[in-house]
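Undergrad: Once you've had a glance at the structure underneath, I'll fire off some questions.
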Amino acid sequence: MSLRVYNTLTKTKEPFAPLVPGKVGIYLCGPTVYKEAHIGHMVGPVIFDAVKRYLTYCGYHVTWVVNITDVDDKLIAEANRRGISMAQVAAENTEDYLKNLAALGVDTIDQMPKATKHIDEIIRFIEELIAKGFAYVADGDVFFDVTRDREYGKLSNRTTDSQQGEGGEAASRKRSPGDFALWKTAKHGEPSWDSPWGKGRPGWHIECSAMSRRILGETFDIHGGGLDLVFPHHENELAQSECCHGKPMVKYWMHNGLMKAAAAAGKVGGRSDREQGADASAADDAAGKISRSKGAGGLAALIAKHGGEKLRFFLLRTHYRSTNVFGDEPVAEAGAGVDTFLRFFERYERVTGESFYALPYAKRREEGDAQTNANSTDALLADIAKQRTAFLTAMDDDFNSGAAMAALFDMVRSLNRFVEQAKLEEPAGDAALRKTQVDALRRGTATLRELAAILGLFRAPPKTNAKADDDLVGKLVNLLIEVRATARKNKDFATSDKVRNDLAAIGILLEDRKEGTTWMRK
RNA sequence: GGCGCCGUACCCAAGUGGCUAAGGGAGCGGAUUGCAAAUCCGCGAUGCGGCGGUUCGAAUCCGCCCGGCGCCUCCA
Numbered sequence: 001m002s003l004r005v006y007n008t009l010t011k012t013k014e015p016f017a018p019l020v021p022g023k024v025g026i027y028l029c030g031p032t033v034y035k036e037a038h039i040g041h042m043v044g045p046v047i048f049d050a051v052k053r054y055l056t057y058c059g060y061h062v063t064w065v066v067n068i069t070d071v072d073d074k075l076i077a078e079a080n081r082r083g084i085s086m087a088q089v090a091a092e093n094t095e096d097y098l099k100n101l102a103a104l105g106v107d108t109i110d111q112m113p114k115a116t117k118h119i120d121e122i123i124r125f126i127e128e129l130i131a132k133g134f135a136y137v138a139d140g141d142v143f144f145d146v147t148r149d150r151e152y153g154k155l156s157n158r159t160t161d162s163q164q165g166e167g168g169e170a171a172s173r174k175r176s177p178g179d180f181a182l183w184k185t186a187k188h189g190e191p192s193w194d195s196p197w198g199k200g201r202p203g204w205h206i207e208c209s210a211m212s213r214r215i216l217g218e219t220f221d222i223h224g225g226g227l228d229l230v231f232p233h234h235e236n237e238l239a240q241s242e243c244c245h246g247k248p249m250v251k252y253w254m255h256n257g258l259m260k261a262a263a264a265a266g267k268v269g270g271r272s273d274r275e276q277g278a279d280a281s282a283a284d285d286a287a288g289k290i291s292r293s294k295g296a297g298g299l300a301a302l303i304a305k306h307g308g309e310k311l312r313f314f315l316l317r318t319h320y321r322s323t324n325v326f327g328d329e330p331v332a333e334a335g336a337g338v339d340t341f342l343r344f345f346e347r348y349e350r351v352t353g354e355s356f357y358a359l360p361y362a363k364r365r366e367e368g369d370a371q372t373n374a375n376s377t378d379a380l381l382a383d384i385a386k387q388r389t390a391f392l393t394a395m396d397d398d399f400n401s402g403a404a405m406a407a408l409f410d411m412v413r414s415l416n417r418f419v420e421q422a423k424l425e426e427p428a429g430d431a432a433l434r435k436t437q438v439d440a441l442r443r444g445t446a447t448l449r450e451l452a453a454i455l456g457l458f459r460a461p462p463k464t465n466a467k468a469d470d471d472l473v474g475k476l477v478n479l480l481i482e483v484r485a486t487a488r489k490n491k492d493f494a495t496s497d498k499v500r501n502d503l504a505a506i507g508i509l510l511e512d513r514k515e516g517t518t519w520m521r522k
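For what it's worth, my numbering labels the leading residue of the first sequence as 1, then goes sequentially.
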């Protein structure tokens, strides 16, 4: 039982062993903040948030870095279009990005370095590459010379002579088409920084090499990002860093699958677009791909509609490397699963009188191991222990959160079954027996909480389910419940059903139980 | 054209050589309920795109074919 991780570089699952025992450094490529975030930007953060939680649970001390690209051609273009500064564009969209991360429960990032705050390190890095002969200056631009790197292309498995490379007017100054810019000379009016090659700004890839080195070192454990970044971004990062340092940059390259928009899923491929020379953004729309110009807006609306927890659940129910069709219906479908858990948590509170969210639980794997036992004489706890093992086995297999989640569903069923069979929602007969049973329920539920926490799920009560007694809505609903109870007592079911149906129509669901009627918002 | 990925029940989806092919959603029976809702129990792919091959044994490996998608240009 040990962790294995799929490595894009070797295309195999490898046993996980960090460079320094007990410590793990992770660098995830974050967004270029020129427009508001879309769902695709959330995939990596949610997955790596779970990865970090799991590694921490397994006893590692993890440092997780997510960069913010706040200088770039598109940022400049957006600033010009809106007539504001590039810094202003970056600030707005960074705030939006952070807001969305928070909504999805991503709060384990240790550092979020910005490119513009590391210009000195970037320049130093470029100077080193020039000094070592891997880069050349051309008219204020600096390019990386891909022909000097014998291993260039090893991550994405392609050869330098097959590269078309970045186009534009700068292309004429390159020695080879595949060469890429480390430093771009500034045109009039563009944001710029002083450098040995004149005023300019960093190219796209160099910031990650420079910032990861400063924070995590020349070689670090895990580098992540979307599959679309494998080439050219990560290939180029890898080339820069390994040529500069003469050693591996990253031990494990992890790439997550991309999201597709539900409405347009399954249409035109990239190839034909290219041959037809179609406008890039139009082609993206047709392909149903979620990206910058498209997709924006969908995220905020979906968070508002379903809540961050359900979105997070949706992202973690499939394997991180698979592509996913994203849309209102798929999220709602996943959300139905979330409701099953939330209902159990309410049931748990009715039975034990304490909140699920207040339950103490094991924060470390060994701690949890000590608290569970598959050979327990208690049938419930034996089942829970087996399900916990299934969960951890799945996570050990390249963070298979989808398979792990199946164990969570099994657990909640076991727990519900136990409550029914032990009749824990009915008046207690044998007080001593009930105490034993409630204790077993509490221990089993604590294990569920322990595992859910690894995925960052169910850490706090959902806001939409708030129904405080002093809330006006709560008072009114309780009044209606009382009226309805009287009607039911008098067998006036026409009235009682009208109350229930009409409340359901405005989004309030009543459920009759032995101890009384409960309600929840839909 | 180059480099890759995928095709599992009505839908989503795990499983990548060997117990009865996870789990979720929807559906259908049953328990429960005044009726519901929720929950529990049960049912649901003799089959994993198609055809061959390797093997004692394949959804899992190999070949071909069909279909879908990604990257090769900015992209999480």
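Where a beta carbon is used, it is the ideal one built from N, C-alpha and C, also for glycine. Treat the numbers as computed from the prediction; the structure is a model and nothing was measured.
#1: How would you write the range of the beta strand (DSSP E) that ARG523 sits in, first residue to last?
#2: So is ALA102 buried or exposed if we call it buried at 16+ other beta carbons inside 10 Å?
#3: Around the C-beta of LEU455, are 16 or more other C-beta atoms found within 10 angstroms, so that it is buried, or is it exposed?
#4: Quick check on DSSP: helix, strand or coil for GLU128?
#5: In chain order, which continuous runs of the alpha helix (DSSP H) of length 4 or greater are located wholly inside the stretch 374-447?
#6: Can you find the residues in the same chain that come closer than 8 Å, C-beta to C-beta, to LYS555, ignoring five residues on each side of it along the sequence?
#7: Would you mind sorting VAL106 into buried or exposed? The rule is 16 or more other CB atoms within 10 Å of its CB.
#8: In chain order, what residues of the same chain have a beta carbon less than 6 Å from the beta carbon of HIS78, not counting five sequence neighbours either side?
#9: Between which residues of its own chain and ASP524 is the CB-CB distance below 8 Å, once the five residues before and five after are set aside?
#10: Which residues does DSSP pair with GLN111 in a beta bridge?
#11: In the structure shown, what three-state DSSP assignment does THR116 receive?
#12: If you scan the stretch 453-504 from start to end, which runs of the alpha helix (DSSP H) of 4 or more residues do you find wholly inside it?
#13: So for TYR6, helix, strand or coil by DSSP?
#14: Going by the beta-carbon positions, is the gap between LEU104 and LEU311 smaller than 8 Å?
#15: Can you give me the C-alpha to C-alpha distance between ILE76 and THR393, rounded to a whole angstrom?
#16: Per the DSSP calculation, PRO15 is bridged to which residue(s)?
#17: How many angstroms separate the CA atom of ALA296 from the CA atom of ASP96?
#18: I need the straight-line Cα distance from ASP383 to THR108, nearest angstrom please.
#19: With DSSP run on the structure shown, which of helix, strand or coil describes VAL230?
#20: Where does GLU511 land, buried or exposed, given buried means 16+ other C-beta within 10 angstroms?
#21: In terms of residue numbering, what span does the beta strand (DSSP E) encompassing GLY516 cover?
#22: For ILE123 versus SER192, is the C-beta distance shorter than 8 Å?
#23: Kindly indicate the opening and closing residues of the beta strand (DSSP E) around HIS255.
#24: Could you say which of GLY226, ALA262, LYS199 and LEU182 lies nearest to SER241 if we only look at CA atoms?
#25: Quick check on the burial criterion: 16 or more other C-beta atoms within 10 angstroms. Buried or exposed for THR372?
#26: Taking the straight line between their C-alpha atoms, what separation do you get for VAL412 and ARG343?
#27: If we count the other Cβ atoms within 10 Å of its Cβ and call it buried at 16 or more, is ALA494 buried or exposed?
#28: Name the DSSP bridge partner or partners of ALA135?
#29: Check whether the Cβ atoms of LEU26 and GLY226 sit closer than 8 Å, and answer yes or no.
#30: For ALA50, which of THR94, PRO232, ASN416 and ALA453 has the nearest alpha-carbon?
#31: Counting Cβ pairs, one atom from each stretch, are 3 or more of them under 8 Å apart for the stretch 54-70 and the stretch 361-372?
#32: Let me check one thing: in DSSP terms, what residues is TYR27 bridge-paired to?
#33: Which one of ALA374, THR389, GLY40 and THR352 has the shortest CA to CA distance from ALA428?
#34: Could you tell me the boundaries of the alpha helix (DSSP H) in which LYS99 lies?
#35: Could you check which residue in THR219, LEU380 and LEU509 has the C-alpha nearest to that of LEU19?
#36: For ILE535, count neighbouring C-beta atoms within 10 Å of its own C-beta (all shown protein chains included) and say buried if the count is 16 or more, exposed if not.
TA: Looking at the coordinates:
#1: With the chain running from 1 to 522 in the structure shown, residue 523 is simply not present.
#2: Exposed: under 16 other Cβ atoms inside 10 Å.
#3: Buried, because 16 or more other Cβ atoms sit within 10 Å of the Cβ of LEU455.
#4: Here GLU128 sits in helix by DSSP.
#5: Along the length of the stretch 374-447, whole alpha helix (DSSP H) runs at least 4 residues long occupy 379-396 and 401-421, reported in chain order.
#6: Shown here, the chain extends from 1 to 522; a query on residue 555 therefore has no answer.
#7: Buried is the call here.
#8: The sequence given here has Glu at residue 78, not His. Taken in chain order, the residues that qualify are TYR34 and VAL89.
#9: Residue 524 lies beyond the range of the chain shown here (1 to 522); nothing can be said about it.
#10: DSSP output for GLN111 lists VAL65 as bridge partner(s).
#11: THR116 falls in the helix class under three-state DSSP.
#12: For the alpha helix (DSSP H) assignment, the uninterrupted runs of no fewer than 4 residues enclosed by the stretch 453-504 are, from N- to C-terminal side, 472-489.
#13: It is a strand residue.
#14: In this structure, LEU311 lies closer than 8 Å to LEU104 by Cβ.
#15: Using only the alpha carbons, I get a separation of about 47 Å.
#16: Paired residue(s): ARG4.
#17: At ALA296, the pLDDT of 42 sits below 50, so the modelled position is not reliable and the matter cannot be decided from this model.
#18: So the alpha carbons of these two residues sit roughly 31 Å apart.
#19: DSSP, reduced to helix, strand and coil, places VAL230 within a helical segment of the structure shown.
#20: GLU511 is classed as exposed because its beta carbon has fewer than 16 other beta carbons within 10 Å across all chains shown.
#21: For GLY516, the enclosing beta strand (DSSP E) stretches over residues 516-521.
#22: For ILE123 and SER192, no; Cβs fall outside 8 Å.
#23: 250-256 is the extent of the beta strand (DSSP E) around HIS255.
#24: It is LEU182.
#25: With a 10 Å radius around the Cβ and a threshold of 16 neighbouring Cβ atoms, THR372 comes out buried.
#26: Looking at the two C-alpha atoms, the distance is approximately 10 Å.
#27: Label assigned to ALA494: exposed.
#28: According to DSSP, which records beta bridges pairwise, ALA135 is partnered with PHE144.
#29: Note that residue 26 corresponds to Ile in the displayed sequence, not to Leu. No, these two residues do not count as a Cβ contact at 8 Å.
#30: Nearest C-alpha to ALA50: ALA453.
#31: Short answer: they touch.
#32: According to DSSP, TYR27 bridges with VAL65 and HIS223.
#33: Relative to the Cα of ALA428, the nearest Cα in the group ALA374, THR389, GLY40 and THR352 belongs to THR352.
#34: First-last of the alpha helix (DSSP H) with LYS99: 86-103.
#35: In this structure, THR219 is the residue among THR219, LEU380 and LEU509 with its C-alpha nearest to the C-alpha of LEU19.
#36: Since the first residue shown for the chain is 1 and the last is 522, residue 535 is missing from the structure and cannot be characterised.
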